[in-house]
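I have placed the structure first, in the form of structure tokens, so that the comments after it can refer back to it.
Numbering (this note's numbering), first residue to last: 49 to 309.
Have a look at this one:
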């Protein structure tokens, strides 16, 4: 690697100096590769192994299968998942190919305490509580509440599964997957919240506690995921991820041009 600088002085070097520079660069690269292989200390040159279908993906897949088998998933939502799967493969081939196996490193530090708390809040608000709300609705016979909450839960479980799949692709693909799904889920959350607010307490078959809990849960999801899309994914995650990708791409191009000059 040339550190992103490139061969700034290659055009005015004498032949002997150029040959010595090439030799020094190759020796440095070989030394770094040796250290990486034996110690694993150099993160950027060590390919990370990604396990397909981890525990989170298996849980998400189970939710997807259960909701799909129950008939509560609309053809539009199911078609969106199929389309997103095909589209990320298309983008990975045409627009954002993987530059190097080592470029599967995360955009943010996943061990950060704030980041982990934020992810836990999203999991509880977006997955665990809606699952509990749907199961409780089965016992109380609230079919309307179940049908209103199911699309959001199905798409969020599909997002978790697709984010695991996207870890094998380049950074822009990993960035675009949550943005695509979060944008689609905003529409389902609007319908869920509208359905909960429009319920008449006199004609409602469930308990009053469930009625207010459903409204609060729909409003909490709407607020959290709107902030996630407009306050985190678009202004922070998207530019940082693309910057990291194109910085690595410029480094690869500079090394290639330096070796071919």
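Glycine included, every Cβ here is placed at the ideal spot set by N, Cα and C. Note that the structure is a prediction, hence the values are computed from the model and not measured.
Secondary structure of residue i, DSSP reduced to three states
i: residue 116; result: helix
i: residue 145; result: coil
i: residue 217; result: coil
i: residue 293; result: helix
i: residue 256; result: helix
i: residue 189; result: coil
i: residue 121; result: coil
i: residue 246; result: coil
i: residue 160; result: coil
i: residue 155; result: coil
i: residue 78; result: Its pLDDT being 46, under 50, residue 78 is placed unreliably in this model, and the value from its coordinates should be taken loosely. It is helical.
i: residue 230; result: helix
CA-to-CA distance, residue j to residue i, given in whole angstroms
i: residue 263; j: residue 272; result: 14 Å
i: residue 138; j: residue 286; result: 19 Å
i: residue 181; j: residue 245; result: 16 Å
i: residue 277; j: residue 207; result: 14 Å
i: residue 291; j: residue 144; result: 13 Å
i: residue 112; j: residue 270; result: 21 Å
i: residue 171; j: residue 260; result: 21 Å
i: residue 161; j: residue 116; result: 35 Å
i: residue 8; j: residue 242; result: There is simply no residue 8 to check, as the chain begins at 49 and stops at 309 in what is shown.
When the options are compared against residue i, the one with the closest alpha-carbon
i: residue 294; options: 274, 257, 221; result: 221
i: residue 204; options: 260, 236, 165; result: 236
i: residue 132; options: 281, 229, 119; result: 229
i: residue 134; options: 170, 225, 171; result: 225
i: residue 223; options: 107, 140, 106; result: 140
i: residue 321; options: 168, 163, 255, 274; result: What is shown of the chain runs 49 to 309, which leaves residue 321 out entirely.
i: residue 167; options: 104, 283, 267, 289; result: 104
Nearest-angstrom Cβ-Cβ length linking residue i and residue j, presumed shorter than 8 Å
i: residue 188; j: residue 258; result: 6 Å
i: residue 227; j: residue 281; result: 5 Å
i: residue 125; j: residue 209; result: Not really, about 14 Å apart at Cβ, beyond 8 Å.
i: residue 297; j: residue 147; result: 6 Å
Residue i and residue j closer than 8 Å at C-beta
i: residue 178; j: residue 265; result: yes
i: residue 155; j: residue 219; result: yes
i: residue 136; j: residue 214; result: yes
i: residue 196; j: residue 239; result: yes
i: residue 120; j: residue 165; result: no
i: residue 128; j: residue 233; result: no
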